[in-house]
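Visitor: Numbering (my numbering), first residue to last: 838 to 1104. Positions of the beta carbon are idealized from the N, C-alpha and C atoms, including for glycine. All values reported here derive from a predicted model rather than from experimental measurement. The structure is given below, and queries will be raised subsequently.
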């Protein structure tokens, strides 16, 4: 339990150090489960390590930072939970990871107005590109499982699995309409991915496959028994399509009331 390392469930104290100590200790000991018990735990950026299951019990909420200082950039986007080049990792349970997007965006806009943050892209896209954060960001990982949890209120893509191999995402809920450009689930240049029994409600693409590196592609992606709601695309391949897509199978998945039943095999 993260409480053994001094975590405090008051929704205010930054528990990143306590949670990271628990993760590091379990990973160094050969693997096991790090438990987040019921309560509201504020955190900064934390990094999942090989062999660790981060388990959010029913009633547990992991709260993302409400200021930019709480995030660390790791290879791609800032994130509440990141994993870089790890294996045999999972996030499980019936708890919640809440990005607190509205609060974080207030801090970002404040810093943009004061000049503390600079973002030239805001004039092109009409929204900030800097300092926004994922709830989950995994890069170069092998054997990943995400099951049961709820993800909500992200200021950027809710979750991105990039250049990963063997990913299982099952029975998760995504409720994230707090800010723009917050895809519900992104698979980027990954292979051997199963997405099943999920509910996703997002303000941008619900499930989006991307290929951003010519050395990789999205390959062997199976999607089944999901319900998707989106203000953009329910199911999308692209916009980035550099390496390509191969053996993509969306089966018995509904966007609103429209089932996706066709199999695509795109080289």
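If you reduce the DSSP assignment to three classes, tell me which class residue 1000 lands in.
Guide: coil
Visitor: Taking 8 Å as the limit between beta carbons, can you name the residues of its chain near residue 895, skipping five residues before and five after?
Guide: 875, 930, 931 and 932
Visitor: So, for residue 1088: in the same chain, excluding its five sequence neighbours on each side, which residues have a beta-carbon less than 6 Å away from its beta-carbon?
Guide: 1061
Visitor: Once DSSP output is grouped into helix, strand and coil, what is the label at residue 908?
Guide: coil
Visitor: Closest to residue 813 by CA distance: which of 1071, 906 and 971 is it?
Guide: The requested residue 813 does not occur in the structure, where the chain is confined to residues 838 to 1104.
Visitor: Could you name the residues of the same chain whose beta carbon sits closer than 8 Å to that of residue 841, not counting the 5 residues immediately before and after it, in chain order?
Guide: 859
Visitor: Look at residue 944 and residue 905 and say whether their C-beta atoms are less than 8 Å apart.
Guide: yes
Visitor: By a C-beta neighbour count over all protein chains shown, 10 Å radius and 16 as the cutoff for buried, is residue 1072 buried or exposed?
Guide: buried
Visitor: Going along the chain, which unbroken runs of the beta strand (DSSP E) with 3 or more residues stay wholly within the segment 997-1065?
Guide: 1002-1007, 1010-1013, 1022-1025, 1028-1033, 1036-1039, 1044-1048 and 1055-1061
Visitor: Per DSSP, which residues does residue 870 bridge with? Please list them.
Guide: 890
Visitor: Classify residue 951 as buried or exposed, calling it buried when 16 or more other Cβ atoms lie within 10 Å of its own Cβ.
Guide: Exposed, since its Cβ has fewer than 16 Cβ neighbours within 10 Å.
Visitor: Can residue 891 and residue 900 be called in contact, C-beta distance under 8 Å?
Guide: no
Visitor: Going by alpha carbons, who is nearest to residue 920 out of 854, 888, 988 and 938?
Guide: 888
Visitor: With a 10 Å radius around its C-beta and 16 neighbouring C-beta atoms as the bar for buried, classify residue 1051 as buried or exposed.
Guide: exposed
Visitor: The alpha helix (DSSP H) with residue 882 in it runs from where to where?
Guide: That residue, residue 882, is in no alpha helix (DSSP H); it is neither H nor E in DSSP.
Visitor: What residue range does the beta strand (DSSP E) around residue 935 cover?
Guide: 933-935
Visitor: Excluding the five sequence neighbours on either side, which residues of its own chain have a C-beta within less than 6 Å of the C-beta of residue 989, listed in chain order?
Guide: 935, 1012 and 1013
Visitor: Residue 1024 and residue 1030 look like a contact to me (Cβ under 8 Å); what is the Cβ gap, rounded to whole Å?
Guide: 6 Å
Visitor: Using only CA atoms, which one of 1032, 848, 871 and 838 lies nearest to residue 937?
Guide: Of the listed residues, the one whose Cα sits closest to residue 937 is 848.
Visitor: What does the Cβ neighbour count give for residue 969, buried or exposed, with the cut at 16 atoms within 10 Å?
Guide: buried
Visitor: In the DSSP assignment, find the beta strand (DSSP E) that holds residue 981 and state where it starts and stops.
Guide: 979-984
Visitor: Quick check on the DSSP output: what are the complete alpha helix (DSSP H) runs of length 4 or more inside the segment 926-975, in order along the chain?
Guide: 938-951 and 959-962
Visitor: Which residues mark the beginning and the end of the alpha helix (DSSP H) in which residue 853 is found?
Guide: 853-865
Visitor: What does the alpha-carbon distance come out to for the pair residue 1083 and residue 868?
Guide: 34 Å
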